[in-house]
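> My structure is below; once you've seen it, I'll send some questions.
Number of protein chains: 2
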Amino acid sequence: MFIKIDFQSEIPIYTQLYNEIIKGIAKGELLPGEALPSVRVFSQDLGINMHTVNKTYGLLKQDNFIQVHRQKGVEINPDGFPPADEVFLEKLRENLEPLVAESIARGMSHEEIIKECSKVFEKLGRKGE
Amino acid sequence: MFIKIDFQSEIPIYTQLYNEIIKGIAKGELLPGEALPSVRVFSQDLGINMHTVNKTYGLLKQDNFIQVHRQKGVEINPDGFPPADEVFLEKLRENLEPLVAESIARGMSHEEIIKECSKVFEKLGRKGE
DNA sequence: CTAACTGTTATATATAAAGTATAACAAGTA
DNA sequence: TACTTGTTATACTTTATATATAACAGTTAG
Chain A
12 MFIKIDFQSE IPIYTQLYNE IIKGIAKGEL LPGEALPSVR VFSQDLGINM HTVNKTYGLL
72 KQDNFIQVHR QKGVEINPDG FPPADEVFLE KLRENLEPLV AESIARGMSH EEIIKECSKV
132 FEKLGRKGE
Chain B
12 MFIKIDFQSE IPIYTQLYNE IIKGIAKGEL LPGEALPSVR VFSQDLGINM HTVNKTYGLL
72 KQDNFIQVHR QKGVEINPDG FPPADEVFLE KLRENLEPLV AESIARGMSH EEIIKECSKV
132 FEKLGRKGE
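Protein sequence lines, in the order shown, are assigned to chains A and B.
Each residue of the first sequence is one higher than the one before, counting from 12 in the working numbering.
Each residue of the second sequence is one higher than the one before, counting from 12 in the working numbering.
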């Protein structure tokens with residue numbers, strides 16, 4: 012799996028890494044049970060610090076996207092992924108709101124906004140489906 | 012116009028204020044040519060610092076959502092709002108991507124994601140339209 | 001004219017977040 | 001035994017955020 016970190020971005024590195032791994036899961040490139048690099052190996056591959064990877068793993072573990080085995084390593088949750096419960100949906104709407112609001116303010120219609128959202132969805136479509 | 016700042020939020024105050032003003036424009040509550048409070052009055056109303064408001068105004072001015080007249084005050088851009096050009100659309104897609112990706116990872120379908128996006132759109136719908 | 005207001009700029013300070021660096025620990029494995 | 005694993009602790013630097021105070025130049029109201 013190829014992960015690119017933008018060191019010029021205003022988005023924190025640990026957030027970028029979190030997003031990239033979630034994207035890998037969404038695309039179906041990271042399957043349940045699949046092993047992830049150790050914090051030390053991953054940080055060296057990406058050219059970042061060990062604790063930055065550790066922070067990302069901590070967040071992914073908290074959200075049940077990965078399982079951490081203290082002396083064995085990290086793997087994509089083999090028991091499947093967390094559901095889109097109401098807590099998540101509420102957070103999703105809060106994050107969507109400013110994006111949709113600015114789109115409306117710039118004159119986009121409901122259809123145009125949905126179209127952009129669909130484009131992003133298609134781009135994340137799983138290979139071979 | 013009622014603007015609420017969440018001092019417990021991890022989102023910077025100047026960003027919250029930016030989003031609230033854009034939301035006001037999207038809702039049609041802030042119309043072109045309408046005056047905005049001065050940086051001093053606004054900061055006192057919100058219980059925040061003058062420079063925090065000034066930073067928000069600077070961003071809104073940069074994006075052409077407001078016009079600033081040095082010794083007269085600030086107003087919602089009377090000449091209309093910036094278009095959803097390709098630069099904005101690209102930024103929009105970049106911001107949508109992690110949200111859509113996590114939605115997919117949590118098992119949401121294309122229709123379910125679109126539905127949530129529509130909910131947010133409807134919530135921002137202009138009064139009386 | 002004077003006083004009050006406007007956005008703007010400068011300086012200083014405090015706090016928190018982000019990221020790095022180094023080290024050590026306990027436990028599993030080759 | 002040697003190496004790896006996640007984890008924790010400490011220390012440090014840099015940047016972002018937010019506040020506080022002050023001053024400037026020009027506009028407007030009394």
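A virtual CB, placed ideally from N, CA and C, is assigned to each residue, including glycine.
1) Whether or not the segment 54–66 of chain B and the segment 88–97 of chain B are in contact is what I'm after, with contact meaning three or more pairs of Cβ atoms, one per stretch, closer than 8 Å; do they touch?
2) Would DSSP call residue 32/A helix, strand or coil?
3) Determine the burial state of residue 31/B: buried for a count of at least 16 other Cβ atoms within 10 Å of its Cβ, exposed for fewer.
4) Quick check on DSSP: helix, strand or coil for residue 19/A?
5) Quick one: Cα of residue 118/A to Cα of residue 22/B, how far?
6) Does DSSP classify residue 86/B as helix, strand or coil?
7) Give a yes or no on whether 8 Å exceeds the smallest Cβ distance from residue 23/B to chain A.
8) With a threshold of 6 Å on Cβ separation, who are the neighbours of residue 63/A within its own chain once the five nearest residues in sequence on each side are excluded?
9) Less than 8 Å separating the beta-carbons of residue 88/A and residue 78/A?
10) Under 7 Å Cβ-Cβ, which residues of chain A neighbour residue 66/B?
11) Using a Cβ distance threshold of 8 Å, determine whether the segment 69–76 of chain B contacts the segment 28–42 of chain B, with at least three qualifying pairs required.
12) Give me the chain A residues within the contact set of residue 118/B, using Cβ-Cβ distance strictly less than 8 Å, ordered along the chain.
13) Since residue 80/A sits in a beta bridge, which residues does DSSP pair it with?
14) For residue 88/B, would you say it is in contact with chain A, using Cβ-to-Cβ distances shorter than 8 Å as the test?
15) Who are the neighbours of residue 132/B on chain A, taking C-beta pairs under 7 Å?
16) Whole angstroms are fine: how far does the CA of residue 102/B sit from the CA of residue 125/B?
17) Going by DSSP in three states, residue 47/B sits in which element: helix, strand or coil?
18) In whole angstroms, give me the CA-to-CA distance for residue 139/A and residue 40/A.
19) For residue 117/B, does the three-state DSSP call read helix, strand or coil?
20) Using beta carbons (cut-off 8 Å, strictly below), is residue 135/A in contact with chain B?
21) Would residue 15/B pass as an interface residue toward chain A - the criterion being a Cβ-Cβ separation below 8 Å?
22) Does the distance from the CB of residue 115/B to the CB of residue 116/A come in under 8 Å?
23) Can you confirm whether residue 99/A, when its beta carbon is compared against all beta carbons of chain B, has any partner nearer than 8 Å?
24) Can you name, in chain order, every residue of its own chain whose Cβ lies under 8 Å from the Cβ of residue 29/B, other than the five neighbours on each side?
25) Check whether the Cβ atoms of residue 85/B and residue 42/B sit closer than 8 Å, and answer yes or no.
26) Is the separation between the beta-carbon of residue 108/A and that of residue 111/B shorter than 8 Å?
Here's the rundown:
1) no
2) helix
3) buried
4) coil
5) 26 Å
6) strand
7) no
8) 24, 25
9) Less than 8 Å divides the Cβ of residue 88/A from the Cβ of residue 78/A.
10) Near residue 66/B there are no residues of chain A at all, since even the closest Cβ is about 15 Å away, more than 7 Å.
11) yes
12) 92, 94, 95
13) 84/A
14) no
15) 111, 121, 124
16) 19 Å
17) It is a strand residue.
18) Low per-residue confidence applies at residue 139/A: pLDDT is 48, beneath 50, and the placement is therefore not dependable, though the value from the model is reported in the following sentence. Each residue's Cα considered, the two are about 11 Å apart.
19) coil
20) yes
21) no
22) no
23) yes
24) 67, 70, 71, listed in sequence order.
25) no
26) no
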